[in-house]
Amino acid sequence: MVQSSNPPAPGTTSMATPSTFIFCSCQYGAQAILKQEILNHWPEFKFAFSRPGFVTFKVPEGFPLKSLPTLDLKSTFTRTSGICLGKVQAQDADELLKQAAELVSQSNLENIKHLHLWQRDTSVPGERQFEPGRKPHTDALANQLADLLQPSGVTDKLTVNKIARPDEKILDIILVEDNQWWIGWHQATTTPRCWPGGVYSIVLPEHIVSRAYLKMEEAIQWSRLPMKSGDLVAEIGSSPGGSCQALLKRRLNVLGIDPAQMHESLLEIPEFTHIRKKVADMKRSDFSEVKWLMSDSNVAPNYTLDSVEHIVTSPKANIRGMLLTLKMIKWELAADLPAYLDRIRSWGYQYIRTRQLAFNRQEICVAVMKSRGKRKAKR
Numbered sequence: 001m002v003q004s005s006n007p008p009a010p011g012t013t014s015m016a017t018p019s020t021f022i023f024c025s026c027q028y029g030a031q032a033i034l035k036q037e038i039l040n041h042w043p044e045f046k047f048a049f050s051r052p053g054f055v056t057f058k059v060p061e062g063f064p065l066k067s068l069p070t071l072d073l074k075s076t077f078t079r080t081s082g083i084c085l086g087k088v089q090a091q092d093a094d095e096l097l098k099q100a101a102e103l104v105s106q107s108n109l110e111n112i113k114h115l116h117l118w119q120r121d122t123s124v125p126g127e128r129q130f131e132p133g134r135k136p137h138t139d140a141l142a143n144q145l146a147d148l149l150q151p152s153g154v155t156d157k158l159t160v161n162k163i164a165r166p167d168e169k170i171l172d173i174i175l176v177e178d179n180q181w182w183i184g185w186h187q188a189t190t191t192p193r194c195w196p197g198g199v200y201s202i203v204l205p206e207h208i209v210s211r212a213y214l215k216m217e218e219a220i221q222w223s224r225l226p227m228k229s230g231d232l233v234a235e236i237g238s239s240p241g242g243s244c245q246a247l248l249k250r251r252l253n254v255l256g257i258d259p260a261q262m263h264e265s266l267l268e269i270p271e272f273t274h275i276r277k278k279v280a281d282m283k284r285s286d287f288s289e290v291k292w293l294m295s296d297s298n299v300a301p302n303y304t305l306d307s308v309e310h311i312v313t314s315p316k317a318n319i320r321g322m323l324l325t326l327k328m329i330k331w332e333l334a335a336d337l338p339a340y341l342d343r344i345r346s347w348g349y350q351y352i353r354t355r356q357l358a359f360n361r362q363e364i365c366v367a368v369m370k371s372r373g374k375r376k377a378k379r
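Below you can see the structure in the form of structure tokens.
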């Protein structure tokens, strides 16, 4: 069964119709807080549909459609988003592929370069052996659909589940249920919107000591902090060392601050120094040469900010930027996020972004720099 929301084709300047919807993907379990966040910023939108990790909203009549492809939702919890084209339902994968191809063909999309086909999260990251991102079966389905969409006699077909270039248009196929797929499209206006499903595909090294490697790798790719080989980075809460591995592979010098033991493989690396203390027991002068500060401690956000504030407000501190993980021990703490960010700004850091990373759990990442400066180029 094909259900289409029948939006006007990309590039039109007409106003949105009552049947125009947008979709947002998020972490499994974060859909309620995402819904509230979107409606706080966009009270004219109307909640329409929700499953764990996937939410849709109805766009009001009169909303300018031409703004939707590049609309900044101002959302921390949205992983990726786009304009809904409709949904298809069937019990058989071949039938779903056929219906999806028909719906896309009827939508008259123009200048679509990529096909991103992905499954909504089925669990919290790190639980039940689940991690978000590309899977062999979704890549296989995407290739089959790309073949169906390729016009006769045309040699080029849609690029499948690859990172898009900035501003390219992308067809989205979201496997919301095994028998229900949602179809939409979006424009790659930010770094995460270039990634399939808003998830950076991480190639794992031969050995990682913890899944914190995934979190740090994604945080670096998202934030594009301009860290250079040889820079000194301090990480608060470094044990057992997964995140330090992601830093060390970039030839950074790393101070791992944690009273707990580090994995022995890190202790053999000359660029790594383990300071087996609580950060509260260190002198502020110990950070005088540190250029970048990372913090991922299993404490409430204000405790994390207390530790960081003690360091960065020192007259001798010269910390250019930070990646801070704020644990949402209960989801209600998300309402305090503006206050947390105001506190960070009070330290002299004006360029701040927030995102619940795909490999985060019930936590968010805050990327902080003294000034916008020059970040690394988009990938």
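Note that my numbering has the sequence shown beginning at 1, numbered continuously upward.
For every residue, glycine included, the Cβ atom is placed at its ideal position computed from N, Cα and C.
Note that the structure is a prediction, hence the values are computed from the model and not measured.
Contacting residues, own chain, Cβ-Cβ under 6 Å from residue i (five flanking each side not counted)
{"i": "Gln-150", "result": "Lys-157"}
{"i": "Asn-40", "result": "none"}
{"i": "Leu-341", "result": "Ile-352"}
{"i": "Pro-69", "result": "Gln-187"}
{"i": "Ala-164", "result": "His-114, Ile-170, Ala-188, Cys-194"}
Start and end residues, alpha helix (DSSP H) containing residue i
{"i": "Ser-307", "result": "301 to 312"}
{"i": "Ile-220", "result": "212 to 223"}
{"i": "Lys-98", "result": "93 to 106"}
{"i": "His-137", "result": "136 to 149"}
{"i": "Gly-242", "result": "242 to 248"}
Simplified DSSP assignment, three categories, for residue i
{"i": "Lys-169", "result": "strand"}
{"i": "Ile-257", "result": "strand"}
{"i": "Cys-26", "result": "coil"}
{"i": "Pro-64", "result": "strand"}
{"i": "Trp-185", "result": "strand"}
{"i": "Leu-337", "result": "helix"}
{"i": "Met-58", "result": "The sequence shown places Lys at residue 58, rather than the Met named in the question. DSSP places Lys-58 in strand when its eight states are reduced to three."}
{"i": "Trp-331", "result": "helix"}
{"i": "Ile-38", "result": "helix"}
{"i": "His-263", "result": "coil"}
{"i": "Thr-70", "result": "helix"}
{"i": "Phe-130", "result": "coil"}
{"i": "Val-199", "result": "coil"}
{"i": "Val-279", "result": "helix"}
{"i": "Ile-319", "result": "coil"}
{"i": "Pro-192", "result": "helix"}
{"i": "Ser-346", "result": "coil"}
{"i": "Ile-269", "result": "coil"}
{"i": "Ser-288", "result": "coil"}
{"i": "Ile-33", "result": "helix"}
Beta carbon proximity, residue i to chain D, threshold 7 Å
{"i": "Lys-215", "result": "No chain D is present in this structure, which holds just one protein chain."}
Cβ distance (whole Å) where residue i is taken to contact residue j below 8 Å
{"i": "Ser-50", "j": "Gln-31", "result": "5 Å"}
{"i": "Leu-141", "j": "Leu-97", "result": "7 Å"}
{"i": "Val-124", "j": "Ala-358", "result": "About 11 Å; that fails the 8 Å criterion."}
{"i": "Ser-201", "j": "Gly-126", "result": "Not quite, the Cβ-Cβ distance comes to about 17 Å (not below 8 Å), so this is no contact."}
{"i": "Thr-76", "j": "Gln-356", "result": "6 Å"}
{"i": "His-114", "j": "Glu-168", "result": "6 Å"}
{"i": "Gly-241", "j": "Val-209", "result": "5 Å"}
{"i": "Ile-38", "j": "Phe-57", "result": "6 Å"}
{"i": "Phe-54", "j": "Arg-120", "result": "4 Å"}
{"i": "His-274", "j": "Met-282", "result": "That pair is no contact at about 13 Å."}
{"i": "Ile-269", "j": "Phe-287", "result": "Not a contact, Cβ separation roughly 21 Å."}
{"i": "Ser-223", "j": "Ala-90", "result": "The pair is not a contact, with the Cβ atoms about 41 Å apart (cut-off 8 Å)."}
Nonlocal neighbours in the same chain, by C-beta distance under 7 Å from residue i, ignoring five residues either side
{"i": "Cys-244", "result": "Glu-235, Ser-238, Val-254, Gly-256, Leu-266, Phe-272"}
{"i": "Ser-371", "result": "Gln-350, Tyr-351"}
{"i": "Ala-100", "result": "Val-88, Leu-145, Ile-173, Trp-181, Ile-183"}
{"i": "Gly-348", "result": "Lys-370"}
{"i": "Arg-193", "result": "Thr-80, His-186"}
{"i": "Lys-74", "result": "His-41"}
{"i": "Gly-29", "result": "Pro-52, Val-124"}
{"i": "Glu-363", "result": "Thr-325, Leu-326, Lys-327, Met-328"}
{"i": "Ala-246", "result": "Tyr-213, Met-216, Glu-217, Ile-220"}
Residues bridged to residue i (per DSSP)
{"i": "Thr-325", "result": "Cys-365"}
{"i": "Ser-81", "result": "Cys-24"}
{"i": "Ile-174", "result": "Trp-118, Trp-182"}
{"i": "Arg-355", "result": "Cys-365"}
{"i": "Val-124", "result": "Answer by DSSP bridge pairing: none, since Val-124 is not bridged."}
{"i": "Val-160", "result": "Leu-115"}
First through last residue of the beta strand (DSSP E) which encompasses residue i
{"i": "Leu-293", "result": "292 to 295"}
{"i": "Val-233", "result": "232 to 236"}
{"i": "Lys-46", "result": "46 to 51"}
{"i": "Ile-275", "result": "272 to 275"}
Sequence-distant residues of the same chain with beta carbon closer than 8 Å to residue i, five excluded per side
{"i": "Asn-143", "result": "Val-160"}
{"i": "Asp-251", "result": "With the sequence shown as reference, residue 251 is identified as Arg, and Asp is not the correct amino acid for it. For Arg-251, where only same-chain residues beyond five positions count, the Cβ hits under 8 Å are Ser-229, Gly-230, Glu-271."}
{"i": "Ser-295", "result": "Glu-235, Ile-236, Gly-237, Thr-304, Ser-307, Val-308, Met-322, Leu-323, Leu-324, Thr-325"}
{"i": "Val-104", "result": "Leu-85, Leu-149, Leu-171, Ile-183"}
Proximity test, residue i beta-carbon vs the ligand ATP heavy atom, cut-off 6 Å
{"i": "Leu-357", "result": "Among the components modelled here there is no ligand, and therefore nothing to report on the ligand ATP."}
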